[in-house]
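Peer 1:
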Amino acid sequence: MKVHEYQAKAMMARSGIPVPRGEVASTPEEACAATSRLGGRSVLKAQVYAGGRGKAGGIQTANSPEEAEALARGLLGTRLVTHQTGPEGVPVNKLLVEEPVSIAGQLYLGIVIDLASRLPVMMASAAGGMDIEEVARDQPDKIIKVHVDLATGFRAYQGRKLAYGVGLRQELVNPAAALMASLYRLFEASDCSLAEINPLAITAKGELLAVDAKLNFDDNAEFRHKDLVEMRDDEQEDPIEVRAKKSGIQNYVKVDGTIGCMVNGAGLAMAVMDLITLCGGRAANFLDIGTANNTDRVVNSFRIFMADPSVRAILVNIFGGMARTDIIASGIVEAHRQLDITVPVVVRLAGTNVQEGKRILRESGLKLIEAADFKDAAEKAVAAVQGGKVL
Amino acid sequence: MKVHEYQAKAMMARSGIPVPRGEVASTPEEACAATSRLGGRSVLKAQVYAGGRGKAGGIQTANSPEEAEALARGLLGTRLVTHQTGPEGVPVNKLLVEEPVSIAGQLYLGIVIDLASRLPVMMASAAGGMDIEEVARDQPDKIIKVHVDLATGFRAYQGRKLAYGVGLRQELVNPAAALMASLYRLFEASDCSLAEINPLAITAKGELLAVDAKLNFDDNAEFRHKDLVEMRDDEQEDPIEVRAKKSGIQNYVKVDGTIGCMVNGAGLAMAVMDLITLCGGRAANFLDIGTANNTDRVVNSFRIFMADPSVRAILVNIFGGMARTDIIASGIVEAHRQLDITVPVVVRLAGTNVQEGKRILRESGLKLIEAADFKDAAEKAVAAVQGGKVL
Amino acid sequence: MSILLDQKTRLLVQGITGGEGSFHAERCLRYGTKVVAGVTPGKGGSQVAGVPVFNTVEQAVAGAGTNASIIFVPAPFAADAILEAADAGLKLVICITEGIPIMDMVRVHRHLDRRTTTLIGPNCPGVISPGKALAGIMSGDIHLPGNVGLVSRSGTLTYESVAQLTKLGIGQTTCVGIGGDPLPGSTFVGILKLFEKDRDTRAVVLIGEIGGTMEQEAAEFIRSGMSKPVVAFVAGATAPPGRRMGHAGAIISGSSGRAEEKMEVLRQAGAFISQSPAGIGEAMKKVMDRLAQ
Amino acid sequence: MSILLDQKTRLLVQGITGGEGSFHAERCLRYGTKVVAGVTPGKGGSQVAGVPVFNTVEQAVAGAGTNASIIFVPAPFAADAILEAADAGLKLVICITEGIPIMDMVRVHRHLDRRTTTLIGPNCPGVISPGKALAGIMSGDIHLPGNVGLVSRSGTLTYESVAQLTKLGIGQTTCVGIGGDPLPGSTFVGILKLFEKDRDTRAVVLIGEIGGTMEQEAAEFIRSGMSKPVVAFVAGATAPPGRRMGHAGAIISGSSGRAEEKMEVLRQAGAFISQSPAGIGEAMKKVMDRLAQ
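Line order of the protein sequences matches chains A, B, C and D.
Oh and the first sequence: position 172 is 172 in our numbering, straight run, nothing missing.
Counting from 1 along the second sequence, just add 391 to a position and that's the residue number in our numbering.
Counting from 1 along the third sequence, just add 782 to a position and that's the residue number in our numbering.
Counting from 1 along the fourth sequence, just add 1075 to a position and that's the residue number in our numbering.
1) At 3 residues or longer, and completely inside the segment 800 to 833 of chain C: list those beta strand (DSSP E) runs for me, N to C.
2) Inspect the CB distances between the segment 188 to 206 of chain A and the segment 231 to 240 of chain A and report whether three or more fall short of 8 Å.
3) By the 7 Å beta-carbon criterion, what residues does the segment 884 to 901 of chain C contribute toward chain B?
4) Give the secondary structure of residue 132 of chain A by DSSP, where H, G and I count as helix, E and B as strand, and everything else as coil.
5) Return the first residue and the last residue of the alpha helix (DSSP H) that residue 190 of chain A is part of.
6) On the three-state DSSP scale, how would you describe residue 598 of chain B?
7) Name the two residues that bound the continuous beta strand (DSSP E) containing residue 539 of chain B.
8) Hey, residue 216 of chain A and residue 192 of chain A: beta-carbon distance below 8 Å or not?
9) Using a Cβ distance threshold of 8 Å, determine whether the segment 881 to 897 of chain C contacts the segment 533 to 543 of chain B, with at least three qualifying pairs required.
10) Mapping the DSSP letters down to three states, classify residue 1312 of chain D as helix, strand or coil.
11) Quick one: which unbroken beta strand (DSSP E) runs of 3-plus residues sit fully inside the segment 242 to 324 of chain A? Chain order, please.
12) Counting only beta-carbon atoms, is residue 506 of chain B nearer than 8 Å to chain A?
13) If you drop the 5 nearest sequence neighbours on each side, which residues of the same chain put their C-beta closer than 7 Å to that of residue 801 of chain C?
14) Just how far apart, CA to CA, sit residue 510 of chain B and residue 568 of chain B?
15) Identify each residue in the segment 249 to 260 of chain A for which the Cβ-Cβ distance to at least one residue of chain C is less than 7 Å, and report them in chain order.
16) Applying the 10 Å Cβ sphere with the 16-neighbour rule, what's the burial state of residue 251 of chain A?
17) Give me the Cβ distance between residue 851 of chain C and residue 833 of chain C, rounded to the nearest whole Å; I'm assuming they're in contact under 8 Å.
18) For the segment 832 to 852 of chain C, which residues have a beta carbon sitting closer than 7 Å to at least one beta carbon of chain B?
19) Check this for me: beta carbons of residue 1203 of chain D and residue 1221 of chain D, under 8 Å apart or not?
20) Could you tell me which chain B residues have their CB closer than 7 Å to the CB of residue 1232 of chain D, listed as they occur along the chain?
21) Shorter than 8 Å from the beta carbon of residue 1158 of chain D to some beta carbon of chain A?
22) Could you check how far apart the C-beta atoms of residue 786 of chain C and residue 956 of chain C are, in whole angstroms? I think they sit under 8 Å.
23) Under 8 Å Cβ to Cβ from residue 1229 of chain D, same chain only, skipping five residues before and after it: list those, please.
24) Could you please give me the residues that DSSP links to residue 510 of chain B through a beta bridge?
25) Would you call the segment 419 to 429 of chain B and the segment 455 to 471 of chain B touching, i.e. three or more CB-CB distances under 8 Å?
26) Ordered along the chain, which non-local residues of its own chain (more than five positions away) have a Cβ less than 7 Å from that of residue 950 of chain C?
27) How would you call residue 806 of chain C, buried or exposed, if buried means at least 16 neighbouring beta carbons within 10 angstroms?
28) Please confirm if residue 609 of chain B has its CB atom under 8 Å from at least one CB of chain C.
29) So, at 7 Å on beta carbons, what are the nonlocal neighbours of residue 381 of chain A in its own chain, with the 5 sequence-adjacent residues on each side left out?
30) Roughly how many angstroms separate the alpha carbons of residue 498 of chain B and residue 576 of chain B, rounded to a whole number?
31) Between residue 1334 of chain D and the rest of its own chain, which residues show a CB-CB distance below 6 Å, the 5 nearest in sequence each way excluded?
32) Rounded to whole angstroms, what's the CA-CA distance from residue 1258 of chain D to residue 234 of chain A? Just pull it up for me.
33) From which residue to which residue does the alpha helix (DSSP H) around residue 792 of chain C run?
34) Along chain A, in chain order, which residues have C-beta atoms closer than 8 Å to that of residue 586 of chain B?
35) According to DSSP, simplified to helix, strand and coil, what is residue 608 of chain B?
36) By Cβ distance below 7 Å, which residues in the same chain neighbour residue 1061 of chain C in space, the five residues on each side in sequence not counted?
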């Protein structure tokens, strides 16, 4: 999960990392008052779950409280479209109003889990303020890395290695190492999947300052971070995916095809999408219904499909292991009872309790397209879309 | 270094470990008032740096505030002699006044660094309230151990292993595991050399309670625990050893012979003591003067020797490496200038700057017994004691 | 022969008193696996399907002589369960649990550095050696004893693949689901090495996914250390980049994570690629027919 | 030959700009050691006795090709210095620093589990291969090149022993002070193994202390793996039990820590025991005379 920049900065500040003075504003008036308190000038930053704000007009500078109010009026309530959002953009409901900072230099600092070494890795680069993935691709030698051994924690010498490596001058080496140690402690203690300061600025006064901050968190660790879960801003997420999650479907990703797919297992769900493509069609989504031993999740999946105007056929492919096909079958029947299913539905059931599952579908009297295996299912779904109506 | 029980319990309480209600009293009146606040009955526990208080009369029960006051009057200001103190005992300046606890069962719980595995080890035993070293010797199978991997920390399963192992009933298993995790965190965070709860009581109400608590700390880590250093009660330590430490001599141990030994290096200091014994004498102390590149430490060593009535000769054996023998020699001269040295002094110098050192001694005109090597030095010191006066 | 699991396996089920634990313990028993003990803290002394339950893994080892474990413990406690099993000396630990925090797995891996435990999973369907023993959640009845090994990052896609093999009469020595997590206990290479050494395994099916570089490492081993033929499929060719597709491991980042690239690297290393997930059985049929000649 | 240290050693001095660091760097240089770099964070670019100073060990490795390090960094920062040297790939790290917190050393050891670095010390006098190189604080001039190896837990007692050997004309291949700390980087057994393999070492002096069980482990190795004669002394026969005698390792706890017991175990394993610390040279003389026959 993600949090807003202002929340990430608050967490960093509590960890001892210097951040610019600032306040959150939800109204133009608040932006105006905050700018006054900051001395009459401010930077207004749209609080959205997307990068690329600057180029998209989401960061603006106000030279007076009145200008801040006017700029805030133009930002709040709009939707910001960046290269990381879809064309629908993300809503701007809050602004971070910060003191303007005179920047003499910019660094990159970030922590992720390195899958190869299976340890946290801290990365620093003198190419601050840039997209780090671009730097990694084009100038990999500009990124310096240290791995953190959990048995020792992040060490001062590692901080010095990064600080000297990005060319910090001597007076800033120890402060930078201390800042890095703080960021690492925050990363580990909060189960971050990403902790990033980009840019980590060297101000004109010669101090380090986290001018932008990003924290992503491991969804699997939510159980021990209830405070973080409360920070989540669902309005920033795709509403269909949020609805899917709330109905118990953890893994739903919208893509741009026409066949709504309900599959158990992520690998199989991807394979079904691949098969549909091989058969000449396009899946409308990735949906792993998981073990799903209740009918609700099946009904909710169908609800999502029917709410998606691009879906012109539904493909159900369940190979029961932990999941029971009889419950899936009952869910399909229930979905047809509750919803107006206007597109062809192809169903392939195999595995646990499959006889019972097939019996339930048969006895329901529903017009379903039965498939023998998943290839057959993909072919029939593609044919159904091309045919355009229920067979 | 050590701290008093009341200090250890305060630290444990802050770590979430349940301890009895109690207050510290420095006067009989305070003991009386504390007993009133505890409901009229109390246990008075002498706060001394020594085990074996109970048998020595250092723990007493009061059935009324007035009785508490009378008992406190009998304890405060006295010296307590236990099997762990010398015959001179340790001063009782503070009492811990605690609520009496109904005890249904007693466990042992302790953490030290295990030198073999080079990891912290937590030990638990159903033989609570007993001297754990006796248990270790006589019934080693009654002690259950788990090693703590710093990469994972103390784990819940380890707590359960110890809790089930000492026979705790099911309701207490998870609380005990949580208590152990807290104790381990305290151990690691405070650089303890020993963290011990003995007994860890199971009260009549069925709760866990740290009825006695002991925390020792790694002297080498004092630099990062200034708060702990302030807790040290120097009055509890041997005054000569405290004085030695304050004068920069970290390693002084009084033993019961007649030859005061000043040696550089712990191994050599022990070897000199061994040599003296082989030559028929007895060292009065272990004293490692360390690198000691200043004369003060030498003077202070001589001051300690002359304050010790059992010292009848002084043996100086310095093999200079890091330490410079010329500075040692100057220190010997200075000691004779400042102090009234009434016993024979045998000096053996070798190593760094030895020519200069010998010259300083020669030119001082002092009556010193020069030795060619450390065996010669030991023999001459023993002979000097047996002769009884300066040659 | 087989790898990891056989008739000598004495299986412990951690979390046996939970819904999934008890359900699958019974299924494994019915398949013929020697399920000799269960562990649930606080339930020691009870029984599940006739299997004695202990409070700790150490007690289960002492009391029932277990030598392998399968874990159905909920995610918040699963890392602890893995560590407990390793600490008790078990050489094989299979963790079915999905959703373990990645930092917990970082800790587990750092600890396992100093142990000889083989961890399969987490977030995996487990292991089956058809006709011998099942320690997993797959249906035993879709399997057939035989000479093909299978290793997969996916659960249900494995069932599909096995169904294709069995339908064509191609039996399996052992099928191993290494799981879809970003930090799996065992990798393709580790399992391929075991299959390479296993006398009865004549060919191997490898089912990969987008994300990570495990398939590239497998390709390198297939090229340099594998004498037996490998049929491979990589799921996710049509997945949009940068999105997490269910499995935490299944996210494409950079070109190395793409399905096409992985299949190409595997092909160049000598693996037989099935372009379609429905063609895995047929591809292996050709390989086995050629081996039979 | 020699162990650990020779003419090919390119020594780095960590903490070279401090009082002790610069003093001993110069002494090592004067002895003929190739001291090629120093490290003090913030002093990079300067020089000490003509030796270039770097900000980090990694820079020193890159800039001066060091392959071993000696550490004079103050105790609060010494564990970090060890880790930095190991992380930079140095195969030999000698830590002179005394007074490192034991928990820091627990962390260091847990980290070194995954490295191939040999750590000598901390709280030790260092290593000398007479006539070849000195990486320590011992006086080079009491040493003599020859064929006896020496390993000791003590500093100055080592000098006494070496002086006895040299006085009797018995030269040394390498003298190793493993240090008096409770968690030393290297143990007697580790160093004995190196001496056993070293062609030029014909006999070994071992100087132990009360406390711990390192001498007992050494005895076991002497019995089972050592073909060369060992002369041993254990200091502390007259130390009172339960008191810490300077070295944190030198505390007797239980019977296994006593000097008499350690000497007896070593004797039974075949070591030649010198009852007196003044008799070590003579004992080795007898051994060497016998070897010469």
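Yeah, the Cβ is synthetic: ideal placement off N, Cα and C, and Gly gets one too.
These numbers come from a predicted model, not from an experiment.
Peer 2: To lay it out plainly:
1) Qualifying beta strand (DSSP E) stretches, in chain order: 816 to 821.
2) Too few Cβ pairs lie closer than 8 Å, so no.
3) Under the 7 Å Cβ criterion, the segment 884 to 901 of chain C contributes 889, 892 and 893.
4) Here residue 132 of chain A refers to the residue found at position 132 of the first sequence. Residue 132 of chain A falls in the helix class under three-state DSSP.
5) Here residue 190 of chain A is taken as the residue at index 190 of the first sequence, counted from 1. Segment: none, residue 190 of chain A is in no alpha helix (DSSP H) and carries neither H nor E.
6) In the second sequence, the residue the question calls residue 598 of chain B occupies position 207. In the three-state reduction of the DSSP assignment, residue 598 of chain B falls in the coil class.
7) Here residue 539 of chain B refers to the residue found at position 148 of the second sequence. Here residue 539 of chain B belongs to no beta strand (DSSP E), and DSSP marks it neither H nor E.
8) Counting from 1 along the first sequence, the entry for residue 216 of chain A is found at position 216. Counting from 1 along the first sequence, the entry for residue 192 of chain A is found at position 192. Closer than 8 Å, so yes.
9) At 8 Å Cβ cutoff, the stretches touch.
10) Reading the fourth sequence from its first residue, position 237 is the one you call residue 1312 of chain D. Residue 1312 of chain D sits in coil when the DSSP states are folded into three classes, being neither helix nor strand.
11) Counting only runs of 3 or more, we get 251 to 254, 259 to 263, 285 to 288 and 313 to 320.
12) The residue you call residue 506 of chain B lines up with position 115 of the second sequence. Between residue 506 of chain B and chain A, the shortest Cβ-Cβ separation is not below 8 Å.
13) Position 19 of the third sequence holds residue 801 of chain C. Result list for residue 801 of chain C: empty, nothing under 7 Å.
14) For the purposes of this step, residue 510 of chain B is taken as the residue at position 119 of the second sequence. For the purposes of this step, residue 568 of chain B is taken as the residue at position 177 of the second sequence. A straight-line Cα-Cα distance of about 19 Å links residue 510 of chain B and residue 568 of chain B.
15) Residues 251, 253 and 255.
16) The residue labelled residue 251 of chain A in the question sits at position 251 within the first sequence. Residue 251 of chain A counts as buried, since at least 16 other C-beta atoms from the protein chains shown sit within 10 angstroms of its C-beta.
17) Residue 851 of chain C sits at position 69 when you count from the first residue of the third sequence. Residue 833 of chain C sits at position 51 when you count from the first residue of the third sequence. The pair is not a contact, with the Cβ atoms about 13 Å apart (cut-off 8 Å).
18) So the list reads 837, 838 and 840, given in the order they occur along the chain.
19) Position 128 of the fourth sequence holds residue 1203 of chain D. Position 146 of the fourth sequence holds residue 1221 of chain D. In this structure, the beta-carbon distance from residue 1203 of chain D to residue 1221 of chain D does not fall below 8 Å.
20) Numbered from its first residue, the fourth sequence carries residue 1232 of chain D at position 157. Near residue 1232 of chain D (Cβ distances below 7 Å), the residues of chain B are 656, 658, 659 and 662.
21) Locating residue 1158 of chain D in the fourth sequence gives position 83, counting from the first residue. With 8 Å as the cut-off, residue 1158 of chain D counts as an interface residue toward chain A.
22) Start at 1 with the first residue of the third sequence, and residue 786 of chain C comes out as number 4. Start at 1 with the first residue of the third sequence, and residue 956 of chain C comes out as number 174. Contact between residue 786 of chain C and residue 956 of chain C holds, with the beta-carbon distance rounding to 6 Å and staying under 8 Å.
23) For the purposes of this step, residue 1229 of chain D is identified with residue 154 of the fourth sequence, where counting begins at 1. Taken in chain order, the residues that qualify are 1252, 1255, 1282, 1284, 1310 and 1322.
24) Here residue 510 of chain B refers to the residue found at position 119 of the second sequence. Its beta-bridge partners are B/505.
25) Yes, the segment 419 to 429 of chain B is in contact with the segment 455 to 471 of chain B.
26) By one-based count along the third sequence, residue 950 of chain C stands at place 168. So the qualifying residues of the chain are 1063 and 1067.
27) Along the third sequence, read from residue 1 onward, the residue named residue 806 of chain C stands at position 24. Buried, by the Cβ-count rule.
28) Within the second sequence, residue 609 of chain B is the residue found at index 218, counting from 1. Judged by the 8 Å Cβ criterion, residue 609 of chain B is not in contact with chain C.
29) Position 381 of the first sequence, counting from 1, holds the residue named residue 381 of chain A. Result list for residue 381 of chain A: 259, 276, 281, 313, 315 and 346, in chain order.
30) Walking along the second sequence from the start, residue 498 of chain B turns up at place 107. Walking along the second sequence from the start, residue 576 of chain B turns up at place 185. Their backbone Cα atoms lie some 20 Å apart in a straight line.
31) In the fourth sequence, the residue the question calls residue 1334 of chain D occupies position 259. Closer than 6 Å at the Cβ level, and outside the excluded window around residue 1334 of chain D, lie 1285, 1309, 1311 and 1312.
32) Your numbering for residue 1258 of chain D matches position 183 in the fourth sequence. Your numbering for residue 234 of chain A matches position 234 in the first sequence. Roughly 53 Å separates the two Cα atoms.
33) The residue given as residue 792 of chain C occupies position 10 in the third sequence. Residue 792 of chain C -> not in any alpha helix (DSSP H); beta strand (DSSP E) instead, spanning 792 to 796.
34) Here residue 586 of chain B refers to the residue found at position 195 of the second sequence. The contacting residues do not exist; residue 586 of chain B stays about 20 Å from chain A at best.
35) Looking up residue 608 of chain B in the second sequence gives position 217. Assigned with DSSP and collapsed to three states, residue 608 of chain B falls in strand.
36) Position 279 of the third sequence holds residue 1061 of chain C. Taken in chain order, the list of residues that qualify is empty.
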